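The structure under discussion appears below in the form of structure tokens.
Numbering (my numbering), first residue to last: 15 to 165.
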């Protein structure tokens with residue numbers, strides 16, 4: 015009886031902590047990337063992408079991807095476009111698309127946006143900022159881009 019009681023206590027005390035650590039997804043380190051202008055964009059145009067794992071309510075883990083872009087011309091300078099969006103993807107595997115919102119201060123517009131729905135074990139290998147007509151959903155030229163090495 016004493017052996018059985020000891021075994022039960024051992025199982026209840028030791029195993030839960032081991033089980034918890036084994037269920038945690040291996041966290042990937044945060045990384046960032048400078049988005050460079052394409053031939054369609056002014057040479058001062060730049061952006062930055064920040065990619066890192068987040069923990070949400072109910073222990074739901076995801077990867078957050080945010081983009082901050084500066085010195086972009088008005089989207090209408092490329093044609094019938096009124097906004098910018100981000101296309102992040104792993105070629106031939108998966109893609110994520112989200113809008114960038116404008117914030118104008120002192121005559122300069124900063125475009126920023128984020129997506130917190132990326133799988134915690136996947137990271138995009140290519141990020142592009144492109145123009146879009148938000149009414150027709152027609153996309154236009156890519157103005158910023160970066161091919162990412164695994165980070």
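We put the beta carbon where it would ideally sit given N, CA and C, even for glycine.
Remember, it's a predicted structure, so these values are computed and weren't measured experimentally.
With burial defined as no fewer than 16 other Cβ atoms inside 10 Å of the residue's Cβ, what is the status of residue 148: buried or exposed?
-> exposed
Using a Cβ-Cβ cut-off of 8 Å (strictly less than) and excluding sequence neighbours within five positions of residue 35, which residues of its own chain qualify?
-> Confidence is the limiting factor: at residue 35 the pLDDT is only 35, short of 50, which leaves the residue's position unreliable, though a coordinate-based value still follows. Excluding residues within five positions, none has a Cβ falling inside 8 Å.
Just to confirm, are residue 110 and residue 143 a CB contact at a threshold of 8 Å?
-> no
Through-space distance from residue 93 to residue 152, alpha-carbon basis | 11 Å
How about residue 68 and residue 80: do their beta carbons lie closer than 8 Å?
-> no
Inspect the CB distances between the segment 107-122 and the segment 45-56 and report whether three or more fall short of 8 Å.
-> no
In terms of residues, what are the limits of the beta strand (DSSP E) holding residue 144?
-> 140-146
In whole angstroms, what separates the C-alpha of residue 97 from that of residue 117?
-> 12 Å
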